[in-house]
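Mapping to our numbering: the first sequence position 240 is 254, numbers consecutive.
Report on the following structure.
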Amino acid sequence: MTIRLYNTLTREKDVFSPIDADNVRMYVCGPTVYDFAHIGNARPVIVFDVLYRLLRHVYGEAHVTYARNVTDVDDKINDRAVNDFPGVEPLKAIRALTEKTYTQFTADITELRTLTPTVEPRATETIAEMIALIDKLIAGGHAYAAEGHVLFAVGSMPDYGQLANRSLDEMLAGARVEVAPYKRDAMDFVLWKPSDPATEPGWNSPWGYGRPGWHLECSAMSWKHLGETFDIHGGGIDLVFPHHENEIAQSRCAHGTAVMARYWLHNGFLQVEGEKMSKSLGNFFTIRDLLNDWPGEVLRLAMLRSHYRQPIDFTVKSLEEARRTLDDWYWFASDAKGSGPAKAVIEALSDDLNTPKAIAELHGLRNAAQKAGGDMAHAEFVGSLRFLGFLGETAEAWAARRKAAAGINTAEVERLVALRLQARNARNFAESDRLRDVLAEMGVTLKDAKDARTGRLTTSWEVKG
RNA sequence: GGCCUCGUGGCGGAAUGGUUACGCAGCGGACUGCAAAUCCGUGUAUCCCAGUUCGAUUCUGGGCGAGGCCUCCA
15 MTIRLYNTLT REKDVFSPID ADNVRMYVCG PTVYDFAHIG NARPVIVFDV
65 LYRLLRHVYG EAHVTYARNV TDVDDKINDR AVNDFPGVEP LKAIRALTEK
115 TYTQFTADIT ELRTLTPTVE PRATETIAEM IALIDKLIAG GHAYAAEGHV
165 LFAVGSMPDY GQLANRSLDE MLAGARVEVA PYKRDAMDFV LWKPSDPATE
215 PGWNSPWGYG RPGWHLECSA MSWKHLGETF DIHGGGIDLV FPHHENEIAQ
265 SRCAHGTAVM ARYWLHNGFL QVEGEKMSKS LGNFFTIRDL LNDWPGEVLR
315 LAMLRSHYRQ PIDFTVKSLE EARRTLDDWY WFASDAKGSG PAKAVIEALS
365 DDLNTPKAIA ELHGLRNAAQ KAGGDMAHAE FVGSLRFLGF LGETAEAWAA
415 RRKAAAGINT AEVERLVALR LQARNARNFA ESDRLRDVLA EMGVTLKDAK
465 DARTGRLTTS WEVKG
């Protein structure tokens, strides 16, 4: 199976060929854990989860290493920690905050049916590697210390700007950065900055008590867990510049390598109801908010209905459609045993993670199973769904969610359903229709059928949205 | 100002140098006391202009429109 991936580095769909097929390595920029994760944060988590699943399928579960970092030191975290834990020593305060938010994050994305990465390194546990990286950069003439800071010298790297496809001159022309007086070049970025021991977290270093720059964290964590060069680096498209560009600069210059990662993948942005999500517009949703109203699999399906590089417009309508689809899939699959994923699904995913096409294949498998009615077709449909992270619960549990959400009193509903069936059998249609309306009012949908053997009328019910 | 995406039916959303998926909604039919659910079937689209070509939605150029990045951001 040939996997093709759109590589930001080459601006083309490249054939994926791992450095070591026995150990395929992928790094994805994870969350900065200072608050609840929002639905935009969920996109890369879901997208790269699908890629992880595909790689495991193709190369074997034991042969893929997926690292997704946790940024647990950052100025936003510091500010929040000072606020939430006044009087607590800074390092302890940020740990308390990040421990809490990281736990929330994990709980949220678990509901999105994402697999746990092989390793989830924390920045604060990778400080030694960061200092070692800075040492290497200074020794190689790629960084310099100035006024308690250590800065990366972009001028020391001839092809800086390769990922963003931008030259230094172009960047300077449009730059809106304030230039600190101690910078040699306006585009130089910070690797290490001084901390006030009283109010800011910090660590001892050869350049004084301080903390790492954001970009450095990912270079250190990927190095520690995946090596100097690895296969895939992922993240949101907004990270291309400066974050990923700077990671590349740090890692390549420190290790003297031609590439940091061979394939750079970036997911598109998410909008909400046609507008950029922001707190001021009032369309800001955390994953937790949405999970209160929608099952995680609905969010997951709604997300995968768009190709990962396209912008996605997250709307209530799209969630409703996704829920309808999953209702049908759960109902139709009805806990059948699954086989492995269908070849067509794997092929769709192998073409730069074409999840919309993969979903179309799922519909095709469902309809084929409908027509064929055989276990084989059913098994492939179910197996493909499971492979993509759906059908994570029983059909009964899925239906129960709906009942719980609608506040259904099961005993009362069944009493009314029985009464209606009685009226109907007595051909008292006025009464049976009245009861049907009462039930509809409660959100209950009835399904009438005839028992094939006895010829008796039967009624089952469910909650539909 | 610089860099980069994108523009497909009512909506979402793939693909393709020639026959344009799939889902939702709509419509018709079966079933039903009538419905619903379910099943079967079905209409509708490639932003505009020019070029290349036997043929373009697809390639090239221009235009118009939408969005992103260049600053913390998934």
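Each residue gets a CB set at the ideal place from its N, CA and C atoms; glycine is no exception.
Every value quoted in this text rests on a predicted model; they were computed, and no experiment measured them.
- Our two residues, residue 329 and residue 314, have alpha carbons roughly 13 Å apart in a direct line.
- In the displayed model, residue 285 falls within a strand according to three-state DSSP.
- Between the alpha carbons of residue 300 and residue 94 lies a distance of about 17 Å.
- Here residue 119 has 45, 47 and 51 as same chain residues with Cβ atoms under 7 Å from its own Cβ, once five neighbours each way along the sequence are excluded.
- Secondary structure at residue 322: coil, using DSSP grouped into helix, strand and coil.
- Secondary structure note for residue 460: its beta strand (DSSP E) is the uninterrupted segment 458-464.
- Look at residue 138 here: in three-state DSSP terms it is helix.
- The three-state secondary structure of residue 26, taken from DSSP, is strand.
- When DSSP states are grouped into helix, strand and coil, residue 180 belongs to the coil group.
- Under the 8 Å Cβ criterion, the region 292-306 counts as touching the region 115-134, having at least three qualifying pairs.
- Taken in chain order, the whole alpha helix (DSSP H) runs of length 4 or more contained in the region 245-321 are 259-269, 301-307 and 310-318.
- Residues 160 and 161 of the same chain have their beta carbon placed closer than 6 Å to that of residue 196, with the five preceding and five following residues left out of the count.
- Linking residue 66 to residue 216 through their CA atoms gives a straight-line distance of about 34 Å.
- In this structure, DSSP gives residue 474 an extended state, which the three-state scheme calls strand.
- In the three-state DSSP reduction, residue 50 falls in the coil class, being neither helix nor strand.
- Within the same chain, Cβ atoms closer than 8 Å to the Cβ of residue 231 are found at 83, 85, 87, 137, 140 and 144, the five residues on either side in sequence being excluded.
- Nearest in C-alpha terms to residue 241, of all of 33, 469 and 452, is 33.
- Taking a 10 Å sphere around the C-beta of residue 294, we find fewer than 16 other C-beta atoms and assign the residue as exposed.
- For residue 255 and residue 62, the gap between their C-alpha atoms comes out near 20 Å.
- About 5 Å separates the beta carbon of residue 164 from that of residue 221, a gap short enough to meet the 8 Å contact definition.
- At a Cβ-Cβ threshold of 8 Å, residue 171 and residue 263 count as neighbours.
- A Cβ-Cβ distance of about 6 Å is found for the pair residue 297 and residue 289, placing them in contact under the 8 Å criterion.
- Assigned with DSSP and collapsed to three states, residue 205 falls in strand.
- The three-state reading of DSSP puts residue 96 in helix, counting H, G and I together.
- In this model, residue 337 and residue 384 are separated by some 20 Å (Cα to Cα).
- Burial check for residue 193: the Cβ neighbour count within 10 Å stays below 16, so the residue is exposed.
- DSSP places residue 440 outside both helix and strand once states are collapsed to three, so it counts as coil.
- For residue 226, the uninterrupted beta strand (DSSP E) run begins and ends at 224-226, by DSSP.
- Taken through DSSP and simplified to helix, strand or coil, residue 212 comes out as coil.
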